[in-house]
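K.L.:
So for the sequence shown, the numbering used here puts the first residue at 19; every next one is plus one.
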Amino acid sequence: MKEQIMMDNTQIPDTKKQPSSKARKRHLKVNEINYSNNLESDYTEKIEALEKSFDYASNSTCYWSKPELSIFYGTPLYQGASESQKLALNHLYWGAHYDHTAASEANTIHYNQVTAGVFSQISDDYEALCLNLKHEAEQEKYHIHAFHNIGYKTKTALLGKRVMRMKLNNNSRYNKSGKLPEIVKSRLGSSNFQYNSLRYLSKVMLSSETYRYSQYLQDFDKKGESLTALTKGYVGGSIPQTLVQFFTFCWGSSPFLACQYYAYRYAGNAVLKNYEYEYSEYFRKLEKDSKCTSVPPAVSHYHFLDESFHTTTSQIIARDMYKDFGKPTTSEKVIANLIFYLMQRGFLGGIASSLIGSFRDESSLMPLYYRILRSPVFDMSAQDALHWMEKCLCHEHEGFHLQTKYHQRAMKNIGQLASSLDYLWPINREMRIMASGGSISKAIESNVKALKQFSQIAVV
Ligand SMILES: [Fe+2]
Ligand SMILES: [Fe+2]
């Protein structure tokens, strides 16, 4: 096996198929234009000003989006809910999605630096790209702050602190207002052996010719710190931690894989855009009709505009720029395909019954649903809350059917990029895992099992 890997890594690059320097220059130029457009925009500043003006009471009387963007929409619970409960579910939907978005953007801050640390070592031509990635990371800090602050105020007002403090699993406590997530480091200690082994494995597997160990990762090494894997967001919440650590070394060592990370990031952009576009449309219509608008849909609208630059960055790097580094080795292809496969399975491979636009395993949302039902919004007993969760999560209803439409729309968008990536295996290029995850009966089957487990820990 080792011999095979070594042989693959020393293969002679196929010079006939190398990209022309003209194509490379064009990719860099498109990035420069995108970066300059992003710098000229003022959407981040608008988000910051909106966030500062937010208090829940003054935003609590209007819908923040069309009703289908509400938790439990299309379920029997929603059908029997009062108007004030429906309004609360509409507001809590915003908080739930942007809680995950904030965690995902913490992933982006980290991986922009990991990959920029690779690109910066290739040549000075990549300076604008690295500056763009740095600028995006700065923007994400403001976005995260706004999402946490608005989400926390909303959840505190609706759910109450007692319910928010319920500890229902290892990851289910809420962040305090506006607090940035802990950056991912720890002193090198007992995990030293595993950490160094993973780094060594990535080094052995990747081509020595193109190996560029990220400056960002080198800085951690110099300080005697190791990276502990993120456990939430589009990367950390979807891939087992040890593998995330290994993939971090891969994305942070090989120019081809550094580019491949942006195919993953593009999927994250597409899932966000799938529902954020609806907020943006809703906000634009209210503005056009000169109607009063609430702060959260305005934040979503400006975030949608800010993120359009980030989506363009992901697309340029994932679809075009990876070709500028020659053909990937067999090892690089295997790693890229494994990452794409796990992404499909963990991040895109399901349909949530009660949160339109979420394609993760619904067990991660059960603590939230339970809190809502136990909070003053519904004021249910533990038994009633579990009874209604069973009715909403484990039986077919309108919400599931609407969800499959959102799932298909996201799949079409991500599939357009995947179909153009020549290094992907058919299971990835044709998005087969995501497609099979769009099944209502599969989602119900998985919810039945997960709810049984959840019921054993959900008390008081
Ligand atoms: Fe963002
Ligand atoms: Fe972003």
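Cβ coordinates follow ideal geometry from the N, Cα and C atoms, glycine included.
1. Taking the continuous alpha helix (DSSP H) assigned at Gly15, which residues delimit it?
2. Return yes when at least one heavy atom of ligand 1 lies under 7 Å from the C-beta of Gln157, else no.
3. First and last residue of the alpha helix (DSSP H) that includes Tyr340?
4. Distance, Cα to Cα, Lys64 vs Tyr116?
5. Below 8 Å CB to CB, which residues in the same chain sit around Ser473 once its five sequence neighbours on both sides are set aside?
6. Any idea what DSSP makes of Glu480, helix, strand or coil?
7. Does Ser195 pass the burial test, meaning 16 or more other C-beta atoms within 10 Å, or should it be called exposed?
8. Just checking Glu294 against ligand 2 - is the residue's beta carbon closer than 7 Å to any of the ligand's heavy atoms?
9. Taking Cβ positions, are Tyr300 and Lys47 nearer each other than 8 Å?
10. Which two residues bound the contiguous alpha helix (DSSP H) that contains Asp324?
11. Just to confirm my understanding: we take Cys268, look at its own chain, exclude 5 residues before and 5 after, and list those with CB closer than 6 Å. What are they?
12. Taking a contact to mean a Cβ-Cβ separation below 8 Å, would you say Ser272 touches Leu224 in this structure?
13. Could you check how far apart the C-beta atoms of Ala146 and Asn49 are, in whole angstroms? I think they sit under 8 Å.
14. In angstroms with no decimal places, state the Cα-to-Cα distance between Gly456 and Asn150.
15. Taking the straight line between their C-alpha atoms, what separation do you get for Gln103 and Val395?
16. Enumerate in chain order the residues of its own chain whose CB-to-CB distance from Asp338 is below 7 Å, with the five nearest sequence positions on each side excluded.
17. Should His321 be listed as close to ligand 1, given that the test is whether its C-beta is under 7 Å from any heavy atom?
P.N.:
Reading from the atomic positions:
1. The structure shown does not extend to residue 15, since the chain spans only 19 to 478, so no value can be given for it.
2. Mapped onto the sequence shown, residue 157 falls at position 139. Yes - ligand 1 has a heavy atom lying nearer than 7 Å to the Cβ of Gln157.
3. Within the sequence shown, the letter at position 322 stands for residue 340. From DSSP, Tyr340 is part of no alpha helix (DSSP H); its letter is neither H nor E.
4. As a first step, residue 64 must be located in the sequence shown, where it is residue number 46. As a first step, residue 116 must be located in the sequence shown, where it is residue number 98. Between Lys64 and Tyr116, the C-alpha separation is close to 17 Å.
5. Here residue 473 corresponds to residue number 455 of the sequence shown, with the count starting at 1. Excluding sequence neighbours, Ser473 sits near Leu404.
6. Shown here, the chain extends from 19 to 478; a query on residue 480 therefore has no answer.
7. Counted from its first residue, the sequence shown places residue 195 at position 177. For Ser195, the predicted model reports a pLDDT of 42, less than 50, meaning its position is unreliable and no value from the coordinates is stated.
8. Taking the first residue of the sequence shown as 1, we reach residue 294 at position 276. Incorrect: Glu294 has no Cβ contact closer than 7 Å to ligand 2.
9. Residue 300 sits at position 282 when you count from the first residue of the sequence shown. Residue 47 sits at position 29 when you count from the first residue of the sequence shown. In this structure, Lys47 does not lie closer than 8 Å to Tyr300 by Cβ.
10. Your numbering for residue 324 matches position 306 in the sequence shown. Residues 313-333.
11. Position 250 of the sequence shown, counted from the first residue, corresponds to residue 268. Excluding residues within five positions, the ones whose Cβ falls inside 6 Å are Ser220, Leu275, Ile353.
12. Position 254 of the sequence shown holds residue 272. Position 206 of the sequence shown holds residue 224. Taking 8 Å as the Cβ cut-off, Ser272 and Leu224 qualify as a contacting pair.
13. As a working mapping, residue 146 is identified with position 128 in the sequence shown. As a working mapping, residue 49 is identified with position 31 in the sequence shown. That belief holds up - the Cβ atoms of Ala146 and Asn49 are roughly 6 Å apart, short of 8 Å.
14. On the sequence shown, residue 456 is found 438 positions in, with the first residue counted as 1. On the sequence shown, residue 150 is found 132 positions in, with the first residue counted as 1. Roughly 35 Å between the two C-alpha positions.
15. Position 85 of the sequence shown, counted from the start, is the residue given in the question as residue 103. Position 377 of the sequence shown, counted from the start, is the residue given in the question as residue 395. So the alpha carbons of these two residues sit roughly 6 Å apart.
16. If you number the sequence shown from 1, residue 338 lands on position 320. His45, listed in sequence order.
17. Position 303 of the sequence shown, counting from 1, holds the residue named residue 321. His321: yes, Cβ under 7 Å from ligand 1.
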